[in-house]
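Novice: Below is one structure. I have some questions about it.
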Amino acid sequence: MSCRSSASFWKSHVLVAVTLYLAIVDATATCTVDTPDSIPPGYTSYLQKDASVNLYYVRRDNATGPTVVLLHGWPQNWASWYRVMRLFPSSYDVIAVNLRGVSPSNAPSTGYTKAIMARDIRALLNSLNLRKVHLVGHDIGGMVSYAFAVQYPKRALSLTIIDVPLPGTPAFDQVNVDPRAWHFGFNAAKEFPEALTTGRESFFYSKFMRELSGGPDALTPQEIRVSVNAYSVPSTAHAGFEWYRAFAQDAEDNKEFAEREKLTLPVLALTGSILSPEPYVFFMMQDLAKNVSGHSIDSGHFIPEEAPEQLVKLVTAFLPK
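Right under this line is the structure:
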């Protein structure tokens, strides 16, 4: 092989190698942007300041339309809404919040009743000069959303509550004896959950999420990893268990709330049909609100991740224009 042909040979191979490297880098960058452990394009993350409990939140940039507040469940954080946030029409000001206790939100030693957690949301909205909002809550976030709507009815434009029974209702009593809700009692036990799950977070949280999803592939490994990473922080794990330890007081609070006049704002009640063939959230909310519409979604419990397109379609069609 001549020097010239040798140089040409190596030059061509170097070009191929560089081209492949750039393609891999570009693909990796694309994946990084579109995963639930990154901030969605067009959104920015913030940490509230100067409140008694400062909350972490992710908000759409330069939004001027109606505000939609997304509240997550257990064992999750704001990123459970990642796909919903990407799909939500740009005409809405979308804010996904980490609830009290979920790092980097503050994790105080007390105050995990849903009535108190609703006050955190009110304080956040006050700091953002937001007077009225649409509430969308899944699981524990649904409990907080209801507590907000019933305590501050002039601040809530609508309520969407997703796949959760409210403590103090017949629906909760029925779900509480379902073997699939074993975590209600386990999480509420004093000290045992922390002692038994520390160091075994990957098994505990991933096993739980797969069991309550709509199938073995309903959640991506990335979505499960986000939850495992979030709740591997000891203060976050402890706060999550405190949410369940507060259920007894939540039940008392909700019974008192139910004695008031029914909610008059529009309510959308959604149930995942794979685990719950009956639309129990709709039936529950009919006892608590006057203007309720309900749907069952072909999904397991984790509707925001499992069926984001259908969820966004239903919520945007429901929101008052």
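In terms of mature numbering (1 follows the signal peptide of the UniProt record, and there is no 0), the sequence shown is residues -29 to -1, 1 to 292. Even glycine gets a Cβ: it sits at the ideal position worked out from N, Cα and C.
Along the chain, where does the beta strand (DSSP E) containing LEU106 start, and where does it finish?
Specialist: As a working note, residue 106 is residue 135 in the sequence shown. That run of the beta strand (DSSP E) goes 104 to 109.
Novice: Beta carbon of ASN48, beta carbon of VAL24: below 8 Å?
Specialist: Here residue 48 refers to the residue found at position 77 when the sequence shown is read from its first residue. Here residue 24 refers to the residue found at position 53 when the sequence shown is read from its first residue. Cβ distance not < 8 Å, so ASN48 and VAL24 don't count as in contact.
Novice: Excluding sequence positions up to five away, which residues of its chain have a Cβ less than 6 Å from the Cβ of ASN77?
Specialist: Within the sequence shown, the letter at position 106 stands for residue 77. Around ASN77: VAL24 and ASN25.
Novice: In the structure shown, what three-state DSSP assignment does VAL148 receive?
Specialist: Walking along the sequence shown from the start, residue 148 turns up at place 177. In the structure shown, VAL148 sits in coil (DSSP, three-state: anything other than H, G, I, E or B).
Novice: So which of LEU236, PRO192 and VAL55 has the shortest CA-CA distance to LYS284?
Specialist: Taking the first residue of the sequence shown as 1, we reach residue 284 at position 313. Among LEU236, PRO192 and VAL55, the Cα nearest to that of LYS284 belongs to VAL55.
Novice: For the beta strand (DSSP E) holding THR81, just list the boundary residues, first then last.
Specialist: One-based indexing of the sequence shown puts residue 81 at position 110. Per DSSP, THR81 belongs to no beta strand (DSSP E) and is neither H nor E.
Novice: Please state whether the Cβ-Cβ distance between TYR28 and VAL65 is less than 8 Å.
Specialist: What you label residue 28 is simply residue 57 of the sequence shown in a count that begins at 1. What you label residue 65 is simply residue 94 of the sequence shown in a count that begins at 1. For TYR28 and VAL65, no; Cβs fall outside 8 Å.
Novice: Can you tell me where the alpha helix (DSSP H) holding HIS154 begins and where it ends?
Specialist: Mapped onto the sequence shown, residue 154 falls at position 183. 153 to 159 is the span of the alpha helix (DSSP H), which, as asked, contains HIS154.
Novice: May I ask you to list the residues that DSSP assigns as paired with ILE133?
Specialist: Locating residue 133 in the sequence shown gives position 162, where the first residue counts as 1. Paired residue(s): HIS109 and LEU241.
Novice: Can you tell me which residues form a DSSP beta bridge with ASP64?
Specialist: Along the sequence shown, read from residue 1 onward, the residue named residue 64 stands at position 93. For ASP64, which the question treats as bridged, DSSP gives the partners THR38.
Novice: If you draw a straight line from the alpha carbon of MET114 to that of PRO205, how long is it in whole angstroms?
Specialist: As a first step, residue 114 must be located in the sequence shown, where it is residue number 143. As a first step, residue 205 must be located in the sequence shown, where it is residue number 234. Roughly 23 Å separates the two Cα atoms.
Novice: Three-state secondary structure (DSSP) at SER(-25)?
Specialist: Counting from 1 along the sequence shown, the entry for residue -25 is found at position 5. Its pLDDT being 39, under 50, SER(-25) is placed unreliably by the model, and the measurement read from it follows with that caveat. Helix, per DSSP.
Novice: Relative to the alpha-carbon of PRO192, which residue among PRO248, SER173 and THR15 has its alpha-carbon at the smallest distance?
Specialist: What you label residue 192 is simply residue 221 of the sequence shown in a count that begins at 1. When only C-alpha atoms are compared, the closest one is SER173.
Novice: Exposed or buried, THR207, counting other C-beta atoms within 10 Å across all chains shown (16 or more means buried)?
Specialist: Position 236 of the sequence shown, counted from the first residue, corresponds to residue 207. Counting Cβ neighbours within 10 Å, THR207 comes out buried, since at least 16 surround it.
Novice: Alpha carbon to alpha carbon, what distance is there between HIS109 and SER16?
Specialist: Here the question's residue 16 lines up with position 45 in the sequence shown. Here the question's residue 109 lines up with position 138 in the sequence shown. Cα to Cα, the separation comes out at about 20 Å.
Novice: Buried or exposed, going by whether 16 or more other CB atoms sit within 10 Å of the CB of GLU230?
Specialist: Along the sequence shown, one-based indexing puts residue 230 at 259. GLU230 is exposed by the Cβ-count criterion.
Novice: Would a C-beta distance cut-off of 8 Å place ASN262 and LEU137 closer than the cut-off?
Specialist: As a first step, residue 262 must be located in the sequence shown, where it is residue number 291. As a first step, residue 137 must be located in the sequence shown, where it is residue number 166. Not closer than 8 Å, so no.
Novice: Consult DSSP for ALA278 and reduce its assignment to one of helix, strand or coil.
Specialist: Taking the first residue of the sequence shown as 1, we reach residue 278 at position 307. The answer is coil: DSSP assigns ALA278 none of H, G, I, E or B.
Novice: On the three-state DSSP scale, how would you describe TYR17?
Specialist: Translated into the one-based positions of the sequence shown, residue 17 becomes position 46. The answer is strand: DSSP assigns TYR17 an E or B state.
Novice: If you draw a straight line from the alpha carbon of SER203 to that of ALA217, how long is it in whole angstroms?
Specialist: As a position in the sequence shown, residue 203 is number 232, starting the count at 1. As a position in the sequence shown, residue 217 is number 246, starting the count at 1. Roughly 21 Å separates the two Cα atoms.
Novice: Under 8 Å between the Cβ atoms of GLY112 and HIS154?
Specialist: In the sequence shown, the residue the question calls residue 112 occupies position 141. In the sequence shown, the residue the question calls residue 154 occupies position 183. Not in contact: GLY112 and HIS154 (Cβ atoms no closer than 8 Å).
Novice: Can you tell me which of TYR215, LYS292, THR131 and ASP91 puts its alpha carbon nearest to the alpha carbon of ALA152?
Specialist: Counting from 1 along the sequence shown, the entry for residue 152 is found at position 181. Closest by alpha carbon: TYR215.
Novice: Which residue marks the beginning of the alpha helix (DSSP H) containing residue 293, and which one marks its end?
Specialist: Outside the shown range of the chain, which is -29 to 292, sits residue 293, and nothing can be said about it.
Novice: Can you say whether PRO237 is buried or exposed, counting buried as having 16 or more other CB atoms within 10 angstroms of its CB?
Specialist: The residue labelled residue 237 in the question sits at position 266 within the sequence shown. It is buried - the Cβ of PRO237 has at least 16 other Cβ atoms within 10 Å.
Novice: Report all residues from its chain with a CB closer than 6 Å to the CB of MET255; omit the five preceding and five following residues, and keep chain order.
Specialist: Position 284 of the sequence shown, counted from the first residue, corresponds to residue 255. So the qualifying residues of the chain are THR140 and ALA142.
Novice: Do the CB positions of VAL122 and ALA89 come within less than 8 Å of each other?
Specialist: Taking the sequence shown and counting its residues from 1, the one referred to as residue 122 is at position 151. Taking the sequence shown and counting its residues from 1, the one referred to as residue 89 is at position 118. According to the sequence as given, residue 122 is Gln; it is not Val. It is a contact, given that the beta carbons lie within the stated cut-off.
Novice: Measuring only the C-alpha atoms, how far is PRO164 from HIS209?
Specialist: Indexing the sequence shown from 1 puts residue 164 at position 193. Indexing the sequence shown from 1 puts residue 209 at position 238. Between PRO164 and HIS209, the C-alpha separation is close to 8 Å.
Novice: Got a sec, what are the start and stop residues for the alpha helix (DSSP H) LYS178 sits in?
Specialist: By one-based count along the sequence shown, residue 178 stands at place 207. Per DSSP, LYS178 belongs to the alpha helix (DSSP H) from 172 to 183.
Novice: Using alpha carbons as the reference points, say which of ASP21, ARG171 and THR168 lies closest to SER98.
Specialist: Taking the first residue of the sequence shown as position 1, residue 98 is located at position 127. Taking only the C-alpha atoms, the option nearest SER98 is ASP21.
Novice: Return the chain-ordered list of same chain residues with a C-beta closer than 8 Å to the C-beta of ARG126, the five sequence neighbours on each side being excluded.
Specialist: Walking along the sequence shown from the start, residue 126 turns up at place 155. Excluding sequence neighbours, ARG126 sits near ARG93, LEU96, ARG102, LYS103, VAL104 and PHE119.
Novice: Please classify ILE10: does DSSP put it in a helix, a strand, or coil?
Specialist: Residue 10 sits at position 39 when you count from the first residue of the sequence shown. Of the three classes helix, strand and coil, the one that applies to ILE10 here is coil, per DSSP.
Novice: To the nearest angstrom, report how far apart ASP134 and HIS266 are at their CA atoms.
Specialist: Your numbering for residue 134 matches position 163 in the sequence shown. Your numbering for residue 266 matches position 295 in the sequence shown. About 11 Å.
Novice: Are the CB atoms of HIS272 and LEU241 within a distance shorter than 8 Å?
Specialist: As a working mapping, residue 241 is identified with position 270 in the sequence shown. As a working mapping, residue 272 is identified with position 301 in the sequence shown. Result no, Cβ atoms of LEU241 and HIS272 do not sit closer than 8 Å.
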